[in-house]
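Remarks on the structure that follows.
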Amino acid sequence: MRDSSSHRRAPHSLHRKAAAVALVGVSALIAAAVQSGAATAAPERAPSAASKAIPGSESLKLTPAQRAELIRQANATKADTAKDLGLGTKEKLVVRDVVKDGNGTLHTRYERTYDGLPVLGGDLVVETTKSGATEGVVKATAKAIRPATTTAALPAAKAEKQALTLAKAAGADKADTNRAPRKVIWAGNGTPTLAYETVVGGLQEDGTPNELHVITDAATGAKLYEYQGIETGTGNTMYSGTVTLGTAQSGSNYTLTDTARGNHKTYNLNRGTSGTGTLFSGPDDIWGNGAASNTETAGADAHYGAALTWDYYKNVQGRSGIRGDGVGAYSRVHYGNAYVNAFWDDSCFCMTYGDGSGNTHPLTAIDVAGHEMTHGVTSNTAGLNYSGESGGLNEATSDIFGTAVEFYANNSSDVGDYLIGEKININGDGTPLRYMDKPSKDGASKDSWYSGIGSVDVHYSSGPANHFFYLLSEGSGTKTINGVTYNSPTSDGLPVTGIGRDKAEKIWFRALTTKFTSTTNYAAARTGTLAAAGELYGTTSAEYTAVANAWAGVAVGSRPGGGGGGGTSFESTTDVSIPDNGAAVNSPITVSGRTGNAPSNLAVSVDIVHTYIGDLRVQLIAPDGTAYTLKAYGTGGSTDNLNTTYTVNASSEVANGTWQLRVQDNAAQDTGYINGWKLTFP
0 MRDSSSHRRA PHSLHRKAAA VALVGVSALI AAAVQSGAAT AAPERAPSAA SKAIPGSESL
60 KLTPAQRAEL IRQANATKAD TAKDLGLGTK EKLVVRDVVK DGNGTLHTRY ERTYDGLPVL
120 GGDLVVETTK SGATEGVVKA TAKAIRPATT TAALPAAKAE KQALTLAKAA GADKADTNRA
180 PRKVIWAGNG TPTLAYETVV GGLQEDGTPN ELHVITDAAT GAKLYEYQGI ETGTGNTMYS
240 GTVTLGTAQS GSNYTLTDTA RGNHKTYNLN RGTSGTGTLF SGPDDIWGNG AASNTETAGA
300 DAHYGAALTW DYYKNVQGRS GIRGDGVGAY SRVHYGNAYV NAFWDDSCFC MTYGDGSGNT
360 HPLTAIDVAG HEMTHGVTSN TAGLNYSGES GGLNEATSDI FGTAVEFYAN NSSDVGDYLI
420 GEKININGDG TPLRYMDKPS KDGASKDSWY SGIGSVDVHY SSGPANHFFY LLSEGSGTKT
480 INGVTYNSPT SDGLPVTGIG RDKAEKIWFR ALTTKFTSTT NYAAARTGTL AAAGELYGTT
540 SAEYTAVANA WAGVAVGSRP GGGGGGGTSF ESTTDVSIPD NGAAVNSPIT VSGRTGNAPS
600 NLAVSVDIVH TYIGDLRVQL IAPDGTAYTL KAYGTGGSTD NLNTTYTVNA SSEVANGTWQ
660 LRVQDNAAQD TGYINGWKLT FP
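Numbering (numbering that gives the first Met the number 0), first residue to last: 0 to 681.
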């Protein structure tokens, strides 16, 4: 009699095509974090780039039981924590996750409620020392949670009608609300306001399940926000060779149940679009034959990818399962008919894969499984909103760790690379879906950050973060890895020296789990990754400098020491107060000694201290009065302070003359000033 847990071999040549949350898609990290010490808590001296992390700085590999005990302890003291943080009497904390470092530091992630209502965008991370002292707090919003009322003037039916209209306008089929609109406090991108959250189901235009979340002002009926809860994508199909699968045996029957990895199960939807499907089972322990026509082949691929992803997170990042609780998700294959996509769904805690065009290329590659399961990890840690800049960072996080899992797998038939969907041939010419070394090579993704990137589809606004990760891992310029040649440029034309993929992964994961929140934007991601690098390696380390340089290489922030473009710089360090909800103010810089026009890559480095950058409009005014909007009003979220570098095509402007930085605060209750700014001519 065989053991009830076995390993079943899958034959050579398993087709897999991966879906990364819509691989093909239809703020400073809250100044509170910096001011409270979260970004500066690292030792002043650190090891060199070639050395290991500072002893005790890395997170421990908690067992599910250890994590559960830490959560229990946090729940027992959450009322005291709320009081220590100065939260209002109507606010309560809800513990969501806990990370513990080797030196005893705890990073406890909370959601908030106000008068019993969920506060969306009110999440925060509290960092405490081994002695229990609060060392830092990272908040998704700096605004106090004090809504004018908790009594809705708008009937819930009107919010529901608005949500249905939006879903149908986006091409949704059989759109219907999954539940009645619920009252919430919306704090994601403005002053905390009473609102309705409506969730619309049905199917999206391409057949993907629909879970459109619409946030409606409960007083005015205005749409405040919307995002898609189903994170979909298209991945890569490839032969993965003969692999070992975790299975279970009952009598003479075997099933795709991985008892060593949280009982992860893989099901056959058999072209259906709902339900769980049928658990793969059979009389032997051999799954599939490497051909898409065999229904078991896709199941074997998905099961294998899920196992690799579980092992990566557990062995490399110390996380036992997507939620950290040792419970496996499940996979569904053969979704729909010729469905060219795959997706993660929080509501079922599962991954789902279509069979691709003509049902010949199941979307079940290694990096796709890694990508999809990472959406679950992100949902259960930072909870990055799947819209705007936070949505781009959400997508990039899945690309980053999908790539990490592919390298970790060390599968000779599917070698690690920095290409996304390279085997899928979705373009029909053999080119990858996305490139991490130069994202714009796909024709839509962005290489670098700019002020309007939050309005771009999240699968393309992910480009700067993907590019950052490549630069941090491998550096700029030409390089060949596993037979693939890369040539990564930088937005400021200066080189970046990589620190290696392993360290880059550690830094991003630490930032994701202890620094990022639901509203994190690119500026906040820079702050968070610098904080993570500082804690792991020290703020004077080569790793810390490399993080700053890699971000500058994608136009997020400047180089250490004020660099960021080379060439000649003109700077103003005069403070200029910004009136609260008042007239625009100008800070001038006189440029002289130049010839001809300004360049097409004029670097504008901005340092603005402000308690709510979403209220600001920031413009560069050329000598002839032409205005270039660097940051539009309403963008940037609820984070504090704006410290970044913009690239402006000013080639139509005469270089010499008086240039001005114009800043206007467009809403009440926030204050700040221009701390300084700089023009750099390469």
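Even for Gly, the Cβ is constructed at its ideal location relative to N, Cα and C.
Rounded C-alpha distance that separates residue i from residue j
i    : j    : result
V457 : G250 : 48 Å
L255 : G281 : 9 Å
G633 : Y611 : 10 Å
T767 : I365 : Nothing can be reported for residue 767: it is not among the residues displayed for the chain, which extend from 0 to 681.
S35  : A667 : With a pLDDT of 25 at S35, under the threshold of 50, the predicted position of this residue should be treated as unreliable, though the coordinate-derived value follows. Near 25 Å, if we compare the C-alpha coordinates of A667 and S35.
I29  : T294 : The predicted position of I29 is uncertain, since its pLDDT is 23 and thus under 50; no value can be drawn from it.
S540 : L418 : 29 Å
G276 : N267 : 5 Å
A368 : T308 : 7 Å
A73  : V94  : 7 Å
I577 : V662 : 7 Å
P559 : G101 : 29 Å
G552 : N600 : 13 Å
G317 : I506 : 14 Å
T567 : S450 : 24 Å
K99  : K313 : 15 Å
T76  : G375 : 27 Å
K91  : I184 : 13 Å
Y226 : T192 : 18 Å
A27  : T589 : Reliability fails at A27, whose pLDDT of 25 lies under 50, so the model's placement of it is uncertain and the value that follows must be treated cautiously. C-alpha separation (whole angstroms): 29 Å.
S356 : H370 : 20 Å
T215 : D96  : 28 Å
V546 : G497 : 9 Å
A37  : T128 : Note on A37: pLDDT 26, under 50, position unreliable in the model; the coordinate value appears next. Those two C-alpha atoms are separated by around 11 Å.
K440 : Y113 : 46 Å
A597 : N648 : 8 Å
P431 : G442 : 11 Å
Cβ-based burial, residue i [other Cβ within 10 Å; buried from 16]
i    : result
K142 : buried
G401 : buried
S651 : exposed
S346 : exposed
P473 : Going by the sequence as given, residue 473 is Glu instead of Pro. Looking at its Cβ environment, which holds 16 or more other Cβ atoms inside 10 Å, E473 is buried.
R500 : buried
D614 : buried
R145 : exposed
S58  : buried
S604 : buried
Endpoints, beta strand (DSSP E) assigned at residue i
i    : result
S576 : V575 to I577
M350 : C349 to G353
K264 : H263 to N267
6 Å Cβ shell around residue i - same chain, five flanking residues per side excluded
i    : result
F348 : A328
T219 : none
A305 : H263, S330 and A368
H302 : L244, L255 and T265
A691 : There is simply no residue 691 to check, as the chain begins at 0 and stops at 681 in what is shown.
E405 : I365, D366 and G415
R525 : W550, V555 and G556
T512 : V98 and T380
A162 : T197, V199 and V213
Y645 : V603 and L629
Y521 : E388, W448 and V555
Boundaries of the alpha helix (DSSP H) in which residue i is found, first to last residue
i    : result
K167 : A155 to A168
I399 : G387 to A408
T80  : K77 to D83
A541 : A541 to A551
N465 : G462 to E473
K313 : T294 to N314
G228 : Per DSSP, G228 belongs to no alpha helix (DSSP H) and is neither H nor E.
Close Cβ partners of residue i (< 8 Å) along its chain, the five nearest in sequence each way excluded
i    : result
G565 : Residue confidence is low: G565 scores 42 on pLDDT, short of 50, so the model does not pin down where it sits. No coordinate-derived value is stated.
G476 : N486, S487 and P494
A582 : Q663
G274 : L268
Cβ-based neighbour list, residue i, same chain, cut-off 7 Å, excluding 5 preceding and 5 following
i    : result
G271 : none
S586 : S571, T573, V575, Q659, L660, I673 and W676
G353 : Y334, G335, Y338, V339, N340, A341 and L362
*Could you tell me whether the stretch 106-118 touches the stretch 472-487, where touching means 3 or more Cβ pairs closer than 8 Å?*
no
*Touching or not, the stretch 435-445 and the stretch 456-475, by the rule of three or more beta carbon pairs under 8 Å?*
yes
_Would the stretch 509-522 count as touching the stretch 381-393 if we require 3 or more Cβ pairs under 8 Å?_
yes
_Count Cβ pairs between the stretch 51-62 and the stretch 526-539 that sit closer than 8 Å; are there 3 or more?_
yes
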